[in-house]
Amino acid sequence: MKKPLILITNDDGITAPGLRALVGFMKEIGDIVVVAPDSPQSGMGHAITIDDLLYSKKMILDLDDDESTEEYSCSGTPADCVKLALQELLDRKPDLCVSGINHGSNSSINVIYSGTMSAAIEAGIEGIPAIGFSLCDYKWEADFTQAKTHIQQIVRQAIENGIPPKVVLNVNIPKLETKELKGIKICRQARANWKEKFDKRTSPSGKEYYWLTGEFELLDKGEDTDEWALANGFVSVVPTQFDLTAHHAIQTINNWKLN
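See the structure below:
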């Protein structure tokens, strides 16, 4: 029986430990192709390259991976990586696209800014079932093996059952040992925002610059959200859509005197 073809990408770069861990996890499930940025692209959202050249290079990385793994680095954004993979680099349509494992959370409002999730969303737009994975640990040397069982379980179920059309899964894993994880919860996105400010500084050359800082504000007390699940030891799975239409507001706007 033919193995599923899994496209792997991320936003932390092709050598990031989170991606290398995901490569190992996915090799146990299917055939893989990696197309990932050649440098970190965190916070890029759904940016694409339109005013610059886009480069791709076939890679053989000495990172405890099988040299037969097909891998490409890309000079562009995470969304670029998926576009290039589907249009130029793959010889058949992948059965699944997985993005990550991100170093840090992409829960709640963070999904808007996430390069990890934007890569998955780009695949979803192209009709490829897709999942973005994030571990709530920002350390480069984070232990991603704790998430292996749950990640593989979600991927296997997605391949077996399919993901609803025009839906991409946003999966976040709390920073806990495997034995401490309580299970998986299907959630909604928590209502939250960032209370941001800019730290104004002066460079050694005397030029003023700004450094973005902020504090995460959770505005949602619901127990059906991704933030609640993560705080209580569960892996959160949020079905995310890329149709941004506010359907509930259409009738309200129709009542405006526009014509």
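Using the working numbering, the letters of the sequence shown correspond one by one to residues 997 to 1255. Glycine residues also receive a C-beta, built at the ideal position from the N, C-alpha and C atoms. These numbers come from a predicted model, not from an experiment.
Between which two residues does the alpha helix (DSSP H) carrying F1140 extend?
Sequence index remark: in the sequence shown, residue 1140 carries index 144 (1-based). Premise fails: F1140 is in no alpha helix (DSSP H) and is neither H nor E.
Which residue from E1204, I1127, C1070, G1111 puts its Cα closest to that of P1090?
Within the sequence shown, numbered from 1, the residue matching residue 1090 stands at position 94. The shortest C-alpha separation from P1090 is found at I1127.
Can you grab the Cα-Cα spacing for the pair N1189 / G1179, in whole Å?
By one-based count along the sequence shown, residue 1189 stands at place 193. By one-based count along the sequence shown, residue 1179 stands at place 183. So the two alpha carbons sit approximately 26 Å from each other.
How is S1095 classed by DSSP in three states: helix, strand or coil?
Residue mapping note: residue 1095 aligns to position 99 of the sequence shown, counting from 1. It is a strand residue.
Could you have a look at F1021 and say whether DSSP puts it in helix, strand or coil?
Sequence index remark: in the sequence shown, residue 1021 carries index 25 (1-based). It is helical.
Strand pairing of Q1237, partner residues [DSSP]:
As a working mapping, residue 1237 is identified with position 241 in the sequence shown. According to DSSP, which records beta bridges pairwise, Q1237 is partnered with V1163.
Is it true that the CB of T1236 sits closer than 7 Å to the CB of S1095?
Position 99 of the sequence shown, counted from the first residue, corresponds to residue 1095. Position 240 of the sequence shown, counted from the first residue, corresponds to residue 1236. No; because the gap between Cβ atoms is not below 7 Å, this pair is not in contact.
L1082 and E1122 look like a contact to me (Cβ under 8 Å); what is the Cβ gap, rounded to whole Å?
Sequence index remark: in the sequence shown, residue 1082 carries index 86 (1-based). Sequence index remark: in the sequence shown, residue 1122 carries index 126 (1-based). Contact flag correct, Cβ pair sits at about 6 Å.
Taking Cβ to Cβ, would you say T1221 is nearer than 7 Å to A1186?
Mapped onto the sequence shown, residue 1221 falls at position 225. Mapped onto the sequence shown, residue 1186 falls at position 190. In contact: T1221 and A1186 (Cβ atoms closer than 7 Å).
Tell me the rounded alpha-carbon separation between V1167 and K1253.
By 1-based counting over the sequence shown, the position of residue 1167 is 171. By 1-based counting over the sequence shown, the position of residue 1253 is 257. Rounded to the nearest angstrom, the two C-alpha atoms are 42 Å apart.
Does the region 1105-1122 come close enough to the region 1004-1023 to have 3 or more Cβ pairs within less than 8 Å?
yes
Please name the residue in K999, G1041, T1112, E1066 whose C-alpha comes closest to that of V1029.
One-based indexing of the sequence shown puts residue 1029 at position 33. Cα-wise, what sits closest to V1029 is E1066.
Are the CB atoms of K937 and S1069 nearer to each other than 7 Å?
What is shown of the chain runs 997 to 1255, which leaves residue 937 out entirely.
Can you give the beta carbon distance from A1017 to T1141, rounded, assuming they're within the 8 Å contact cut?
Taking the first residue of the sequence shown as 1, we reach residue 1017 at position 21. Taking the first residue of the sequence shown as 1, we reach residue 1141 at position 145. Their Cβ separation, rounded to whole angstroms, is 7 Å, which keeps A1017 and T1141 in contact under 8 Å.
Backbone CA spacing between L1020 and I1046 [nearest angstrom]
The residue labelled residue 1020 in the question sits at position 24 within the sequence shown. The residue labelled residue 1046 in the question sits at position 50 within the sequence shown. Reading the sequence as shown, one finds Gly at residue 1020 and not Leu. For G1020 and I1046, the distance between alpha carbons rounds to 33 Å.
Whose C-alpha, out of G1100, K1193, N1157, I1044, is nearest the C-alpha of P1074?
In the sequence shown, residue 1074 corresponds to position 78, counting from 1. Measuring from the Cα of P1074, the nearest candidate turns out to be I1044.
Tell me, please, which residues DSSP counts as bridged to E1204.
Within the sequence shown, numbered from 1, the residue matching residue 1204 stands at position 208. Paired residue(s): T1198.
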